[in-house]
Amino acid sequence: MTKVYPNASFTGGDAAINISDTQPPPKVLVGGDTREEAVLTVWKKSLLFNCNGFTVFDGKGDLVFRVDNYMEGNKGEILLMDAAGKPLLTIRRKKMSLGDNWLVYEGETLVNPRLSVRKSVNILNNKCLAYVIPGNSNSRNNNNAIYEIEGSYSQRSCAVLDDKRRLVAEIKRKEGVGGVVFGTDIFRLVVQPDNIRTDFAMALVILLDQMFGSSSKR
756 MTKVYPNASF TGGDAAINIS DTQPPPKVLV GGDTREEAVL TVWKKSLLFN
806 CNGFTVFDGK GDLVFRVDNY MEGNKGEILL MDAAGKPLLT IRRKKMSLGD
856 NWLVYEGETL VNPRLSVRKS VNILNNKCLA YVIPGNSNSR NNNNAIYEIE
906 GSYSQRSCAV LDDKRRLVAE IKRKEGVGGV VFGTDIFRLV VQPDNIRTDF
956 AMALVILLDQ MFGSSSKR
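Our numbering numbers the first residue of the sequence shown as 756 and each following residue consecutively.
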């Protein structure tokens, strides 16, 4: 495993990446209630050699989430882990379903899914990327959605809205020192932990990348 140096610069490709923020960030509690927004840096790179994945840091540069078994178009399972490698969520494509549908489970269990995430195919609402429904719902009724994701994942500009149209999480381009904007492999995930679990928000990022990672339009 590649050694991790929190609060330091990381090298991706030919450039050094400083993932630390200049201001003290709020503490990130998975599933907790901080009453402050959590600002994370998402890096589309695994800590394991020759593996695809995601590496996620808080504003202090500390590792909080990791995905090491990821690839675009993965037909199997994706495991979201904490910094120590403990499984937090299992993300699995829903079998025998029409469209691009995924289930999110707690830990490594594959019973009683917590979320069902469905890619939007509504041509009348091209702003909407996906709907998030509690449990394992086969309903096509979008009125059951607890979250709706809008925006453009290819531009790393997405908003996660709850059923009252309140912003609960946001994907944004990350700017470095001097206003330099990073590429699309490095971006911010801003979460309101009062309204959505931080690990659930990261699971939605992974699923957006599954659904739209190879698209230049959405």
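Idealized CB from N, CA, C, for every residue including glycine. Owing to the predicted nature of the structure, the values given are computational and were not obtained by experimental measurement.
- Message: Could you check whether the stretch 940-947 touches the stretch 790-803, counting it as contact only if at least three pairs of C-beta atoms, one from each stretch, sit closer than 8 Å?
- Response: yes
- Going by the beta-carbon positions, is the gap between aspartate 823 and leucine 843 smaller than 8 Å? By 1-based counting over the sequence shown, the position of residue 823 is 68. By 1-based counting over the sequence shown, the position of residue 843 is 88. Not in contact: aspartate 823 and leucine 843 (Cβ atoms no closer than 8 Å).
- Item | Separation of cysteine 883 from asparagine 877, as counted between CA atoms | Sequence index remark: in the sequence shown, residue 877 carries index 122 (1-based). Sequence index remark: in the sequence shown, residue 883 carries index 128 (1-based). When rounded, the distance between both Cα atoms is 8 Å.
- Message: If you follow the beta strand (DSSP E) that leucine 795 is in, where does it begin and where does it stop?
- Response: Stepping through the sequence shown from its first residue, residue 795 is reached at position 40. It spans 793-798 - the beta strand (DSSP E) in which leucine 795 sits, taken as one unbroken run.
- Neighbour-count burial assignment, alanine 839, 16 or more Cβ in a 10 Å radius: The residue given as residue 839 occupies position 84 in the sequence shown. Under this definition alanine 839 is an exposed residue.
- Query: Considering methionine 836, what are the terminal residues of the alpha helix (DSSP H) in which it resides?
  - Reply: On the sequence shown, residue 836 is found 81 positions in, with the first residue counted as 1. Not the alpha helix (DSSP H): methionine 836 falls in the beta strand (DSSP E), residues 832-837.
- Message: Can you find the residues in the same chain that come closer than 7 Å, C-beta to C-beta, to methionine 957, ignoring five residues on each side of it along the sequence?
- Response: Mapped onto the sequence shown, residue 957 falls at position 202. Closer than 7 Å at Cβ, skipping near neighbours: Val811, Phe820, Leu835 and Leu944.
- Query: Leaving out the 5 sequence neighbours to the left and right, which residues in its chain are closer than 6 Å to glycine 786 when beta-carbon positions are compared?
  - Reply: As a working mapping, residue 786 is identified with position 31 in the sequence shown. Low per-residue confidence applies at glycine 786: pLDDT is 47, beneath 50, and the placement is therefore not dependable enough to give any value.
- Query: With DSSP run on the structure shown, which of helix, strand or coil describes asparagine 856?
  - Reply: Along the sequence shown, one-based indexing puts residue 856 at 101. Of the three classes helix, strand and coil, the one that applies to asparagine 856 here is strand, per DSSP.
- How about glycine 831 and threonine 845: do their beta carbons lie closer than 8 Å? Here residue 831 is taken as the residue at index 76 of the sequence shown, counted from 1. Here residue 845 is taken as the residue at index 90 of the sequence shown, counted from 1. No, these two residues do not count as a Cβ contact at 8 Å.
- Task: Taking leucine 963 and isoleucine 904 to be in contact with their CB atoms under 8 Å, please state how far apart those CB atoms are, rounded to whole angstroms.
- Result: To locate residue 963, count along the sequence shown from 1; it is residue 208. To locate residue 904, count along the sequence shown from 1; it is residue 149. Right, the Cβ-Cβ distance comes to about 7 Å (below 8 Å), so this counts as a contact.
- Going by the CB atoms, is the gap between arginine 973 and tyrosine 908 shorter than 8 Å? Taking the first residue of the sequence shown as 1, we reach residue 908 at position 153. Taking the first residue of the sequence shown as 1, we reach residue 973 at position 218. For tyrosine 908 and arginine 973, yes; Cβs fall inside 8 Å.
- Message: I need the DSSP call for aspartate 964, collapsed to helix, strand or coil.
- Response: Position 209 of the sequence shown, counted from the first residue, corresponds to residue 964. Reduced to three states, the DSSP call for aspartate 964 is helix.
- So, is isoleucine 901 buried or exposed, given that buried needs 16 or more other C-beta atoms within 10 angstroms? Position 146 of the sequence shown, counted from the start, is the residue given in the question as residue 901. Exposed is the call here.
- Item | Minimum C-alpha distance to glycine 890 - residue among Ser875, Pro868 and Lys815 | Locating residue 890 in the sequence shown gives position 135, where the first residue counts as 1. With distances taken between Cα atoms, glycine 890 lies closest to Pro868.
- Item | Own chain, CB closer than 6 Å to lysine 927, minus 5 neighbours either side, in chain order | To locate residue 927, count along the sequence shown from 1; it is residue 172. Excluding positions up to five away in sequence, the list reads Arg943.
- alanine 956 - DSSP class collapsed to helix/strand/coil: Residue 956 sits at position 201 when you count from the first residue of the sequence shown. Reduced to three states, the DSSP call for alanine 956 is helix.
- Which value, in whole angstroms, describes the spacing of the CA atoms of valine 866 and arginine 911? As a first step, residue 866 must be located in the sequence shown, where it is residue number 111. As a first step, residue 911 must be located in the sequence shown, where it is residue number 156. Straight-line Cα distance between these residues: approximately 32 Å.
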